[in-house]
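Sequential numbering of the sequence shown, starting at 7, is according to the working numbering.
One structure below.
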Amino acid sequence: MNQVLQELATILEQRKEESADKSYVASLYAKGLDSILKKIGEEATETVMAAKDGDKEKIVYETADLWFHSMVMLAHQGLGPNDVLRELQRRFGLSGLEEKASREK
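This is the structure in structure tokens:
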């Protein structure tokens with residue numbers, strides 16, 4: 007599955023060079039970070055609503071939208087899926103309580 011994330015990250019980088027009138031992702035980049043973050047907020051809300059409804063197909067669909075737009079935000083900030091995967095890997099072996107406590111210092 008990591009291959010899918012890498013392929014998407016590559017495409018998102020390529021879209022930085024494209025015209026905003028020819029690419030949805032390029033248009034998000036052109037609108038700036040606030041527009042990208044607004045879209046993530048919308049997708050997060052839709053994901054929560056789908057989960058609340060218990061519709062598994064819709065949960066997957068909305069989560070895919072959320073992940074996609076989160077990856078657009080990462081790319082806009084010069085980051086990619088490997089940065090997030092490294093952080094998740096770092097957390098292996100830590101309890102959630104330990105990890106949270108380490109952030110509060």
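No residue lacks a Cβ here, since even glycine has one placed at the ideal position from N, Cα and C.
Check	Outcome
Range covered by the alpha helix (DSSP H) that runs through G47	L39 to D59
CB contact flag (A70, L18, <9 Å)	no
Alpha helix (DSSP H) segment containing K22, residue limits	First-last for K22: undefined, no H or E at that position.
Nearest candidate by alpha-carbon position, reference L14, set S108, E63, W73 and E48	W73
I46 versus K62, M55 and V78, residue with shortest Cα-Cα distance	V78
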